[in-house]
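Asker: In this note's numbering, the protein residues as written are 112 to 505.
Built from N, CA and C at the ideal position, the CB exists for glycine as well.
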């Protein structure tokens, strides 16, 4: 198994948990999201209770009262946007450039920060995969305050701007954990966003005319719904995975009171799901149980293949240019890359091991084949790296 070729490492200051390349911008733009619990010294001290009478208080009573008065630690977030600058050959008109042609190395590539914006702690981010007429790129964010927010990202030669386009109502006392657009395959379908939350619910929103509206919401899991995703080849089907170790499918043409299937094949929480970009009936799932499972969506009784990647699979991303490859943010297992042959047999081919903490985010560059961004949590680190080529071999 091959390793990786490191290119760039950035300290994100706050703990990094998601990365996404913009697929529609005129020049390469990378978003990195962070989630940070505020340090105790950053938070206001609880005011002592006032009393007109003198009472005798034991240490145990005092500890109990202090615990009751201490507010929960604030969850802080920051969105970071980076412009990719390289002296290597660039893709023209959105065409794919191979690593061999690009000749990327640590001396001719860098990520330049072009925007940072503080906001509630971010759990997931997704760029709108298609271009809306007369519009800048759109980035959707779900956060620890329970909001789904869509931002317009304006780009010019001198600056990058971030403007709130619209926002859903918050889910009370709940974190929104993941989100996905429905238009990765069918660019003509009405735009919808599915999101999941810490109460086990899935929400379906419609995005039209600059507004986001709730279509329906349902209880999908008895614990956190870590992930939701569309069947990108049949977007009336929504999938969900939860901390109850269940993987479920839902027909959104119904009221979603009953799943169309429930799988217990994963033995721990299910936290990643993604449709294959070119094989219509193939879906990948990942779990804390360290396994990536491949499914034929025409028969969900059992996975067609299974591979262990030695780390909890928090995120999965198929590579668009070479869809036989799928990368995983595998927590303590770094970032493994798995090759899936034409018979859907998976094999582990590469692993990026440079992260010193839990790897939570990963994404492939949309034009440069084999170029990957990933991020890790407690070491607040963003990495840019690539798969090795024959030129790297001794």
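At the level of alpha carbons, what is the spacing between residue 229 and residue 255?
Answerer: C-alpha separation (whole angstroms): 13 Å.
Asker: Please list, in chain order, all residues of the same chain as residue 413 whose beta carbon is under 7 Å from its beta carbon, the five residues on each side excluded.
Answerer: Only 376 meet the Cβ criterion.
Asker: In or out: residue 443 buried (at least 16 other Cβ within 10 Å) or exposed?
Answerer: It counts as exposed.
Asker: With residue 120 as the anchor, note down where its beta strand (DSSP E) starts and where it stops.
Answerer: Per DSSP, residue 120 belongs to the beta strand (DSSP E) from 116–122.
Asker: Just to confirm the assignment: which complete alpha helix (DSSP H) runs, minimum length 4, are found wholly within the region 301–370?
Answerer: Fully enclosed alpha helix (DSSP H) runs of 4 or longer: not present.
Asker: Just to confirm, are residue 144 and residue 236 a CB contact at a threshold of 7 Å?
Answerer: Against a cut-off of 7 Å, the Cβ pair of residue 236 and residue 144 comes out as a contact.
Asker: Residues in its own chain within less than 8 Å of residue 60 by CB, not counting five upstream and five downstream?
Answerer: Residue 60 is absent from the model: the chain starts at 112 and stops at 505.
Asker: For residue 253, collect the residues of the same chain with a Cβ closer than 6 Å to its Cβ; drop the 5 residues on either side in sequence, then sort them by chain order.
Answerer: Same-chain partners within the cutoff: 234, 235, 259, 287, 290 and 306.
Asker: Exposed or buried, what is residue 346 when buried is set at 16 or more other beta-carbons lying within 10 Å of its beta-carbon?
Answerer: When all chains shown are included, residue 346 counts as buried.
Asker: Less than 6 Å between C-beta atoms, sequence neighbours within five positions excluded: which residues of the same chain meet that for residue 388?
Answerer: Closer than 6 Å at the Cβ level, and outside the excluded window around residue 388, lie 429, 431 and 434.
Asker: Are residue 57 and residue 418 touching if we call contact CB-CB under 7 Å?
Answerer: Since the first residue shown for the chain is 112 and the last is 505, residue 57 is missing from the structure and cannot be characterised.
Asker: Looking at the secondary structure, which residues open and close the beta strand (DSSP E) in which residue 483 lies?
Answerer: Taken as a continuous stretch (DSSP letters only), the beta strand (DSSP E) holding residue 483 covers 482–487.
Asker: Output the residue ranges of the beta strand (DSSP E) runs that lie fully inside the region 403–443 and measure 3 residues or longer, sorted by chain position.
Answerer: Segments of the beta strand (DSSP E) lying fully in the region 403–443: 416–419, 426–429 and 436–440.
Asker: Would residue 337 and residue 380 qualify as a contact pair, given that the criterion is a beta-carbon distance under 7 Å?
Answerer: Going by C-beta atoms, residue 337 is nearer than 7 Å to residue 380.
Asker: Beta carbon of residue 466, beta carbon of residue 445: below 7 Å?
Answerer: Yes, the Cβ-Cβ distance between residue 466 and residue 445 is below 7 Å.
Asker: Enumerate in chain order the residues of its own chain whose CB-to-CB distance from residue 300 is below 8 Å, with the five nearest sequence positions on each side excluded.
Answerer: Counting only Cβ-Cβ distances below 8 Å, and skipping sequence neighbours, we find 293, 294 and 346.
Asker: With DSSP as the reference, please indicate the residues paired to residue 277 in a beta bridge.
Answerer: According to DSSP, which records beta bridges pairwise, residue 277 is partnered with 261.
Asker: I'd like the span of the beta strand (DSSP E) that includes residue 112, first residue to last.
Answerer: Premise fails: residue 112 is in no beta strand (DSSP E) and is neither H nor E.
Asker: Tell me the rounded alpha-carbon separation between residue 131 and residue 394.
Answerer: The alpha-carbon atoms of residue 131 and residue 394 are separated by roughly 20 Å.
Asker: For residue 284 and residue 257, what's the separation of their Cα atoms in angstroms?
Answerer: Their backbone Cα atoms lie some 7 Å apart in a straight line.
Asker: Mind checking which residues open and close the beta strand (DSSP E) that includes residue 215?
Answerer: Here residue 215 belongs to no beta strand (DSSP E), and DSSP marks it neither H nor E.
Asker: Where do the ends of the beta strand (DSSP E) carrying residue 187 lie?
Answerer: 186–197 is the extent of the beta strand (DSSP E) around residue 187.
Asker: Does the distance from the C-beta atom of residue 247 to that of residue 472 stay below 7 Å?
Answerer: Contact: no.
Asker: According to DSSP, residue 231 sits in a beta bridge with which residue or residues?
Answerer: Per DSSP, 187.
Asker: Considering just the uninterrupted stretch of the beta strand (DSSP E) at residue 380, what are its terminal residues?
Answerer: Here residue 380 belongs to no beta strand (DSSP E), and DSSP marks it neither H nor E.
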